[in-house]
Amino acid sequence: HSAAVLRVVHAETYYDVNHAGTKNLIEATRQHNPKIKRFVYISSQAAMGPSESCAPRTASSNCAPVSDYGRSKLLGEEEALKFSDRIPVTILRPSAVYGPGDKDLLLFFRLANRGFFPVLSPCKGGECFVQLVFVDDIAEVCLLLLTRKPANTTYFVSQNTPYTWKQVGEIISRAVNKKLFFFKLPAGVLNLGATISETFMKLKGQPANLNRDKATELCQPYWIADSSITEKEFGFNFTPLEKGVEITYNWYRQNKWV
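Going left to right, the sequence shown walks through residues 134 to 391 as my numbering numbers them.
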């Protein structure tokens, strides 16, 4: 179950789709297909919430989502797990997803193609650390799940290496083959921009690409989770960021997105 809403006009929509939608689907599954071999719920790292330090969070860590999106995905997890004694449930928590067709990181590629790159900075200063996962890796893990017996388990799906936004920019710089000008983007400026964008788009009745919910997530200093168990149990190697970024940029160029 990968259907979800990422951008909304009103926050309630997160819960209507990501929470109630999952509840309806798992209940329908239990009623109409009780012998299903496995129910895979694709959640998000946002459901767990950020780390308090560079120490990675694990699947057993207490969840503390910081956004409505994250809270709605966590509620979706809880709905699925209510049926785990009757239906084999597996939860996947991908980190920030990128790849061909992705629009969330497209702006970063477009800026890099023009020679600029923002370095996000958390509210208390310092640097933001993030993990990313190539979209094909999520699909591959889902396929590998079909051959695995253990269920009622939660897996983080991400390249295990955390990066600062400047490091991400340096990798994108090599892909676009341009020397970039890096500029610091403080949390206050990002939040102000998100507020303006959200207010303007709400007047048009449309969701903003950057809203306050997403800005809150982006301003967190440590989005770090331990995906080593996923690698070990599935014998799976995640796509290196350098390779994934190159594939993504080439797709953007071929489809004239940049």
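The C-beta atom is built at its ideal place from N, Cα and C for all residues, glycine as well.
Worksheet item: Do Val252 and Phe172 have their C-beta atoms within less than 7 Å of each other?
Response: Your numbering for residue 252 matches position 119 in the sequence shown. Your numbering for residue 172 matches position 39 in the sequence shown. In terms of Cβ geometry, Val252 and Phe172 do not form a close pair [threshold 7 Å].
Fill in: Any C-beta of chain D under 7 Å from that of Thr155
No chain D appears in the structure shown, which is made up of a single protein chain.
Discussion item. Which residue marks the beginning of the alpha helix (DSSP H) containing Thr349, and which one marks its end?
Written reply: The residue labelled residue 349 in the question sits at position 216 within the sequence shown. Note, Thr349: alpha helix (DSSP H), 345–351.
Worksheet item: Expressed to the nearest angstrom, what Euclidean distance is found between the alpha-carbon atoms of Leu313 and Phe249?
Response: As a working note, residue 313 is residue 180 in the sequence shown. As a working note, residue 249 is residue 116 in the sequence shown. The C-alpha of Phe249 is placed about 5 Å away from the C-alpha of Leu313.
Practice prompt. Thinking Cys352 and Pro255 are a contact (beta carbons under 8 Å), I'd like their distance in whole angstroms, please.
Written response: Here residue 352 refers to the residue found at position 219 when the sequence shown is read from its first residue. Here residue 255 refers to the residue found at position 122 when the sequence shown is read from its first residue. At roughly 5 Å, the Cβ-Cβ gap stays under 8 Å, so Cys352 and Pro255 are in contact.
Item to complete: Provide the residue span of the alpha helix (DSSP H) that contains Tyr355, from first to last.
Response: Indexing the sequence shown from 1 puts residue 355 at position 222. Under the DSSP assignment, Tyr355 falls outside any alpha helix (DSSP H); it carries neither an H nor an E label.
Worksheet entry | Ala161, enclosing alpha helix (DSSP H) - first and last residue | Counted from its first residue, the sequence shown places residue 161 at position 28. Run containing Ala161: 153–165, per the alpha helix (DSSP H) assignment.
Worksheet item: When DSSP builds the beta bridges, which residues end up paired with Lys317?
Response: As a first step, residue 317 must be located in the sequence shown, where it is residue number 184. Partner(s): Val252.
Item to complete: Please classify Leu208: is it buried, with 16 or more other beta-carbons within 10 angstroms of its beta-carbon, or exposed?
Response: Within the sequence shown, numbered from 1, the residue matching residue 208 stands at position 75. Label assigned to Leu208: buried.
Fill in: Limits of the unbroken alpha helix (DSSP H) element including Ala188
Start at 1 with the first residue of the sequence shown, and residue 188 comes out as number 55. Unbroken run through Ala188: none, as it is neither H nor E.
Fill in: Separation of Asp149 from Val141, as counted between CA atoms
Along the sequence shown, read from residue 1 onward, the residue named residue 141 stands at position 8. Along the sequence shown, read from residue 1 onward, the residue named residue 149 stands at position 16. Those two C-alpha atoms are separated by around 11 Å.
Worksheet entry | Uninterrupted alpha helix (DSSP H) stretches inside the region 207–285 (no shorter than 4 residues) | Segments of the alpha helix (DSSP H) lying fully in the region 207–285: 239–246, 268–278.
Worksheet item: Between the C-alpha atoms of Val274 and Ile224, what's the straight-line distance to the nearest angstrom?
Response: Here residue 274 corresponds to residue number 141 of the sequence shown, with the count starting at 1. Here residue 224 corresponds to residue number 91 of the sequence shown, with the count starting at 1. Distance between the alpha carbons of Val274 and Ile224: 11 Å.
Worksheet item: Alpha carbon to alpha carbon, what distance is there between Leu265 and Arg190?
Response: Translated into the one-based positions of the sequence shown, residue 190 becomes position 57. Translated into the one-based positions of the sequence shown, residue 265 becomes position 132. Taking C-alpha positions only, Arg190 is separated from Leu265 by approximately 15 Å.
Worksheet item: Between the region 353–362 and the region 177–184, do at least 3 Cβ pairs fall closer than 8 Å?
Response: The region 353–362, when compared against the region 177–184, does touch it at the 8 Å Cβ threshold.
Discussion item. I'd like the list of long-range same chain contacts for Phe267, defined as Cβ closer than 6 Å, with 5 residues on each side in sequence excluded.
Written reply: Stepping through the sequence shown from its first residue, residue 267 is reached at position 134. Setting aside the 5 residues that flank it on each side, Phe267 is surrounded in the same chain by Gly232, Thr372, Gly377, each with a C-beta closer than 6 Å to its C-beta; the list follows chain order.
Practice prompt. May I have the straight-line CA-CA distance separating Val222 from Val199, to the nearest angstrom?
Written response: What you label residue 222 is simply residue 89 of the sequence shown in a count that begins at 1. What you label residue 199 is simply residue 66 of the sequence shown in a count that begins at 1. Rounded to whole angstroms, Val222 and Val199 show a C-alpha spacing of 25 Å.
Worksheet item: Is it right to say Lys206 is buried, meaning 16 or more other beta carbons lie within 10 angstroms of its own, or is it exposed?
Response: By 1-based counting over the sequence shown, the position of residue 206 is 73. Result: buried.
Discussion item. Helix, strand or coil, according to DSSP, for Val142 in the structure here?
Written reply: Locating residue 142 in the sequence shown gives position 9, counting from the first residue. Secondary structure of Val142 (DSSP, three-state): coil.
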